[in-house]
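Here's the structure, in structure tokens; my notes come after.
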Amino acid sequence: MRAELPLHAPGTQLDRGYIGQSTPRANAQRLLQGRGAYVDDLRFPRLAHVAFLRSPYAHARIKKLDFAKAAKQKGVIAVFDGPTVAEYCTPWVAVLSHLKGIKSPPQHAIAVGRACWQGEAVAAVVAESRTQAEDAAQLIEAQWEELPVVTDMEAALRGDVVIHEDLKDNVCFSRSLDTGGVDDAFAKADVVVEETYHFGRHTGVCLEGRSILADYNAAEHSLTVYHSTQAPHMMQDIFARHLNIPEANVRVICKDVGGSFGIKVHVYPDEMATAAISVILRRPVKFAADRLESFLSDIHAREHRVKVRLAARKTGEILAFDLDDLTAIGPYSVYPRTSGIEGNQVVNLTGGPYKHQQYRAKMNVVFTNKNVTCQYRAVGHPIAVALTEAIVDRAAQELKMDPAEFRRKNLIPDDAYPYTFPSGLKFEKLSHHAALDLLLKKMEYPALRAEQSRLRKDGIYRGIGLAAMIEVTNPSPAFYGVGGARISAQDGATLRLEPSGMVTVMCSVTEQGQGTEGIFAQIAASAVGVTVDKVKVITGDTGITPYGGGTWASRGAGIGGEAVLLAGRALRANILDLAARILSLDKGELDILNNEVVNRLTLESKLPLSEVGRVGYFRPDTLPMDFQSELTVTRHYTPRQYGFTFTNGIQASYVELDPDTGMVKLLKHWCVEDAGTIINPLLVDEQIRGGVVQGIGAALFEECVYGPDGQLLNGNMADYLVPMAGEMPDIFCFHLETPTKQSQLGAKGVGEAGTAGAPGAVMNAINDALAPLGARVTAMPFTPERILSALKKV
Amino acid sequence: MERDLEITLTVNGSEVTRRVAARVHLVDFLREELGLTGSHVGCEHGVCGACTVRVDGDIVRGCLMLAVQANGRKVETIEGLTDSRELAALQKAFYERNALQCGFCTPGMLMAAQDLVRKGGKASREEIRAHISGNYCRCTGYQAIVDAIEKVMNER
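Read top to bottom, the protein sequences are chains R and Y.
Residue numbers are given in the numbering used here: position 156 of the first sequence equals residue 162, and the series is strictly consecutive.
Residue numbers are given in the numbering used here: position 132 of the second sequence equals residue 140, and the series is strictly consecutive.
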């Protein structure tokens, strides 16, 4: 099996090897047998356990913490407050220079002097068991002075109460954008529609809570951290700098990760405290967040209030979008990515699929006394897609045009690329019209519309919702690095031929369950010429793999995969160099196929790779004096030609609404996605389906509900609803393939597409069902109560 | 406050005797005392199903049962049902269908699915969805899991 470059050459008839095959991923076997190794499964001698005392108030001064009783409890090793831990772990400030004007105060591993949200850690108890640590934490006597609380984002923007006095106001970051001509466009428009949308703050609910086991070795001044994280190298840099340990002495190992979705790519104060405590105590220390503290301290996301206006001609041509976004992020911008990115993405992406030329946006990011928010799967996209597609549907309704036809009139033509969007984004090549056509065909759109109107006569209210979208994938250094963040946009892969003829792949992109290791095995096998069972993939260890960014922003396949492909091609060339010496043949006559060196033309077997390995490693004495074989190669890849490799897609939702109960039943969901070269269709489809369901959760169920005093009211899985199997529809996935020409592999990202588009599609479907009843909903999640309220029944 | 009790139970076919605190949950006992880390702790309040194990033939939430309540009873976990090959058909179907991603829910999901499979007979997709509706999976969106269980139930 082999892959020839480039994979996307027009008219290519070459064998693509395993590229495009639904090969099951080898690493699933251990997980199926209960043999995974998540952080909490690891057992270490002298392991100590940490539990945190967390602030019961949303904003309060810590007057006194009395540890006397707690420290005396059986099994307790130590109790720490913020100032003590701060002696070992320096604070951080989450700002980036390319987000002009962004500000945030220094944040400590454990609160110093003041807690700014309910759930912020204010003390750490270390004991021989977690139970002992938790018991003792309850015996800490704390005296508090409650401070004024700001939870409403409009009030935060007004600044009646300023959370951080040094910052003068509650505005973390503001951005405005104006192409010019917007007021003119609205003045000459035949139709102007305007609506305000509210998006509920929600969170990732990874089934495995955040967890970290830090093991400081004082003899070496080294720190080994077993971490449930998406970005081991980023964390290595952070531990090194904030704990003052030489970078090369810090090793971050990321074994199995029980879901991440962006939740596990940030710096968490309690995790930093755990690492610092390992240094202080000179022994291994573990922290695993339980479910209740996960709700209080995992990043939240997506709390937005967005007013949007759209101007159109009566012929259906969209002229302009005008956006006003307000979002609240809690009391700190989250390190090191900042909490300005989500709102920034909303500004970048609103109106994204359409060909209007006038666009104006203003956006404010404000501090509040709730848990922090930051980047969560599809960052900003679910907001931008939902508000765009909702206002587009409103315009279509106003113009009495079919929503599909209205989109067709306005989507950027498939032959218009490369294309520069009014927000400044550059699109290499998208396929909106092909995607819309495919979607309408697959969902049998006219028949579905006919069914819908037939059933309405029987008092059955069904709705069809469409959501077209663009999606950021494969980000270049323009995303974070340019702003000063020590976050790598490049990734690397090392491939080694083993003496037995097997290939070991070590790559800096990590596995979180999405199948990274599986596709790397497919790419490596195809590039080198071996069968996929001969490839072993290792990821998630800064001591072993090349340096790289890890898993975020739908970049694993496109960036990590390209590095594996380049390294695989180079290894193949080196193997052939050696084989040519062994066989005394010209290298050009040889190729590798199915684990053997073969004659390139006749495919006649010349030498098994096990023999190449044997000679290369054990009998190099038989080779010419001037030849040294190189059977380990490393290659890196950074996308640089475009800021992002945009993908496009479109989703549709079909729902039935019960006007008496406000319940929404999801009947079917469709997704057409163009993610460039598809390496494994099975894995791609399951990424999309999982993402769609996560988006459905946002649309129908999920919200972190806070009281006016900043108390989280539903921070457990009984009260915070997540999608379960019973309510979810079957999801139909279809693909277009427009490979990116920036890379040899041509892969774009797909991990966030489902989550980006689903909320908008479901929202439009519900409103389509409500339309004949004269009602409309605009605040996610669309709970039965909100729907009944829109119907004026409650 | 802390009372230790001696319990004897059969875990995956082997008899074990331990002194445990009365408040220790069955799943914590399995993981911490016996090192059977295949059963996972997801919510500790009976919602997510990650800790699903079998006690005397019925599936239970390992976080809602105390270890002392398992005294004298027969407990089976993912490790035991893997070694006995009882789960082999489901594991193969999950593998081929990619009915798992991060794998954290998977042992509990397999225990719940096998509970339906061993009842015999066929099941509709709706029945399968209903049966696993107490097991939370954030990764897959459930469809692949339903497909895999359906394949095992309806192709035998």
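Every residue gets a Cβ at the ideal spot worked out from N, C-alpha and C, and that includes glycine.
Any chain R beta carbon closer than 7 Å to residue i
i	result
I140(Y)	yes
F37(Y)	no
T114(Y)	yes
I67(Y)	no
V55(Y)	yes
N106(Y)	yes
A75(Y)	no
E87(Y)	yes
A5(Y)	Since the first residue shown for chain Y is 9 and the last is 164, residue 5(Y) is missing from the structure and cannot be characterised.
T90(Y)	yes
Q122(Y)	no
Reference residue i, options the options, closest by Cα
i	options	result
E134(Y)	E791(R), D539(R), T235(R) and D736(R)	D736(R)
L431(R)	D597(R), D276(R), E126(R) and T479(R)	T479(R)
F73(R)	G358(R), E758(R), G554(R) and V85(R)	V85(R)
L742(R)	L613(R), S180(R) and G682(R)	G682(R)
K540(R)	F526(R), D547(R) and T548(R)	F526(R)
P801(R)	L571(R), Q657(R), T551(R) and V538(R)	Only positions 7 to 800 of chain R appear in this structure, which leaves residue 801(R) out of reach.
E309(R)	G386(R), R181(R), V256(R) and K368(R)	G386(R)
E434(R)	R646(R), L718(R) and G489(R)	R646(R)
G498(R)	D443(R), N375(R), W98(R) and L572(R)	L572(R)
S292(R)	F373(R), T551(R) and P51(R)	The identity of residue 292(R) in the sequence shown is Lys, whereas the question assumes Ser. Nearest C-alpha to K292(R): P51(R).
S506(R)	I476(R), A563(R) and G619(R)	G619(R)
A121(Y)	E104(Y), E163(Y) and H139(Y)	H139(Y)
R297(R)	N722(R), P409(R), A759(R) and A473(R)	N722(R)
Q693(R)	Y451(R), Q520(R) and I529(R)	Q520(R)
Backbone secondary structure at residue i - three-state DSSP
i	result
Q518(R)	coil
K303(R)	Checking the sequence shown, residue 303(R) turns out to be Ser, not Lys. Reduced to three states, the DSSP call for S303(R) is helix.
P12(R)	Annotation note: pLDDT 44 at P12(R) (below 50); position unreliable, no value reported.
V56(R)	strand
Q19(R)	Bear in mind that the predicted position of Q19(R) carries a pLDDT of just 39, short of 50, making it too unreliable to give a figure here.
Y643(R)	strand
V670(R)	strand
F485(R)	coil
A43(R)	coil
A705(R)	helix
V698(R)	helix
N416(R)	helix
L287(R)	helix
C739(R)	strand
K167(Y)	Only positions 9 to 164 of chain Y appear in the structure, and residue 167(Y) is not among them; the question remains open.
G682(R)	strand
Y365(R)	strand
CB contact flag (residue i, residue j, <7 Å)
i	j	result
I470(R)	A771(R)	yes
E41(Y)	R26(Y)	yes
H239(R)	V340(R)	no
V728(R)	G755(R)	no
L613(R)	A585(R)	yes
I47(Y)	V68(Y)	The question names Ile, but residue 47(Y) in the sequence shown is Ser. Going by C-beta atoms, S47(Y) is not nearer than 7 Å to V68(Y).
L71(R)	A148(R)	yes
L213(R)	G490(R)	no
A133(R)	A127(R)	no
A92(R)	V118(R)	yes
N416(R)	I493(R)	no
Sheet register partners of residue i (DSSP bridge)
i	result
S868(R)	Nothing about residue 868(R) can be read from this structure; chain R reaches only from 7 to 800.
F50(R)	Paired residues: none, contrary to the question.
W558(R)	For W558(R), which the question treats as bridged, DSSP gives no partner whatsoever.
S228(R)	N223(R)
Within-7 Å CB hit, residue i to chain Y
i	result
V515(R)	no
R383(R)	no
Q39(R)	yes
R297(R)	yes
E692(R)	yes
D276(R)	no
Interface positions of the region 535-559 of chain R facing chain B (Cβ-Cβ less than 7 Å), listed along the chain: No chain B appears in this structure, whose protein chains are R and Y.
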